[in-house]
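All you need for our numbering is the position in the sequence shown, starting with 1, plus 1. I have placed the structure first, in the form of structure tokens, so that the comments after it can refer back to it.
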Amino acid sequence: MSRTVELYGGAITTELPSHLRDASELRQVPDSQEVWLDNDSNLSFILEVVELVTESGPADDQQAALRFHFDSLAHDNTALSSTVSSLSLPSSAAPTTPPNPPLLGPAVLSGLQTVAKFNLPPERADTVLVLMALWRIPDKRADLVLCVNFPVREEGGPELDSQLARSVFEKAVQGLKIKDYGLFAG
């Protein structure tokens, strides 16, 4: 069962399963992030507003920017390995109405990262499915990165079914609506 969730004080809305819990009820979450956790698995949903990435190419290069964000996540996770399984680009810019700025995306990536948590040896590392979507708002110098992380293999154990993660991701991407572009500085 899904529900519409207000993020960033209602500036963005999306669809999330009712069993996901707002991580800010459990721990400190940076103002630039919205983090939701599954009570029954290690699935996490993260939406983050970051500065428009231009190190990897021009502002309209969604593919390079998406790969940059994926690689940054691998670096932050101290991933032992990371691979991109698929990457798809939108056929056109998302529709916006004036005075809202042009919105590019979503570009979508699926990949795997091998992450050894809690100083476990590499052979007991988790294999994490990373589903990532990127919207770019060049006029506001902002990237909006949505990420669903799900360990498909924990501590070298059997492979887990990723259908829940894929479903959460697809509904969140399809349901994402920016209600207030004032959220983005620039």
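Cβ coordinates follow ideal geometry from the N, Cα and C atoms, glycine included.
Classification of residue i by the beta-carbon crowding that lies within 10 angstroms, buried from 16 upward
{"i": "P122", "result": "exposed"}
{"i": "F170", "result": "buried"}
{"i": "R68", "result": "buried"}
{"i": "G11", "result": "exposed"}
{"i": "T97", "result": "exposed"}
{"i": "P59", "result": "exposed"}
{"i": "T15", "result": "buried"}
{"i": "F119", "result": "exposed"}
{"i": "S5", "result": "According to the sequence shown, residue 5 is Thr rather than Ser. The residue in question, T5, is exposed, as its Cβ has fewer than 16 Cβ neighbours within 10 Å."}
{"i": "E56", "result": "exposed"}
{"i": "W114", "result": "Per the sequence shown, residue 114 should be read as Gln rather than Trp. It is buried - the Cβ of Q114 has at least 16 other Cβ atoms within 10 Å."}
{"i": "S211", "result": "The question about residue 211 has no answer here: the residues shown for the chain are numbered 2 through 187."}
{"i": "D144", "result": "buried"}
{"i": "D239", "result": "In the structure as shown, the chain begins at 2 and stops at 187. Residue 239 is therefore absent and cannot be evaluated."}
{"i": "E35", "result": "buried"}
Proximity winner among the options, relative to residue i (alpha-carbon distances)
{"i": "L17", "options": "A166, D181 and K180", "result": "A166"}
{"i": "P107", "options": "E52, T79, Y182 and I138", "result": "I138"}
{"i": "P100", "options": "D140, P59 and E124", "result": "D140"}
{"i": "E1", "options": "G158, P103, L132 and D144", "result": "Nothing can be reported for residue 1, as the shown portion of the chain is limited to 2 through 187."}
{"i": "K178", "options": "L104, D32 and R154", "result": "L104"}
{"i": "E26", "options": "W37, L184, H20 and G112", "result": "W37"}
{"i": "S111", "options": "S92, H70 and D77", "result": "H70"}
{"i": "S93", "options": "D62, V116 and K180", "result": "D62"}
{"i": "N43", "options": "L184, K180, R154 and F185", "result": "R154"}
{"i": "V149", "options": "P102, D72 and S168", "result": "S168"}
{"i": "F185", "options": "I13, P152 and L132", "result": "I13"}
{"i": "L88", "options": "L135, I47, D127 and F46", "result": "L135"}
{"i": "D41", "options": "F151, E156 and H76", "result": "F151"}
{"i": "Q175", "options": "Y182, D181, L147 and E160", "result": "L147"}
{"i": "D32", "options": "H76, K172, Y9 and L132", "result": "Y9"}
{"i": "Y182", "options": "P102, L130, K172 and A117", "result": "P102"}
{"i": "L161", "options": "E35, V129 and A173", "result": "V129"}
{"i": "A1", "options": "A24, A75 and S86", "result": "In this structure the chain extends from 2 to 187, so residue 1 is not present and cannot be described."}
is_contact[residue i, chain C] using C-beta, thresh 9 Å
{"i": "S33", "result": "Note that chain C does not occur in the displayed structure, where there is just one protein chain."}
Delimiting residues of the beta strand (DSSP E) encompassing residue i
{"i": "L17", "result": "I13 to P18"}
{"i": "T5", "result": "S3 to L8"}
{"i": "F46", "result": "S45 to E52"}
{"i": "S111", "result": "L105 to V116"}
{"i": "L201", "result": "Outside the displayed span of the chain (2 to 187) sits residue 201, for which this structure offers no information."}
{"i": "V36", "result": "Q34 to D39"}
{"i": "R192", "result": "An answer regarding residue 192 cannot be provided, because it is not within the stretch 2 to 187 covered by the chain."}
Inside the stretch 55–88 only - alpha helix (DSSP H) runs reaching at least 4 residues:
You should have 63–77.
Continuous beta strand (DSSP E) assignments of at least 3 residues falling wholly in the stretch 131–181: 143–154
For this session: Take every Cβ of the stretch 80–87, pair it with every Cβ of the stretch 47–57, and state whether three or more of those distances are shorter than 8 Å.
Result: no
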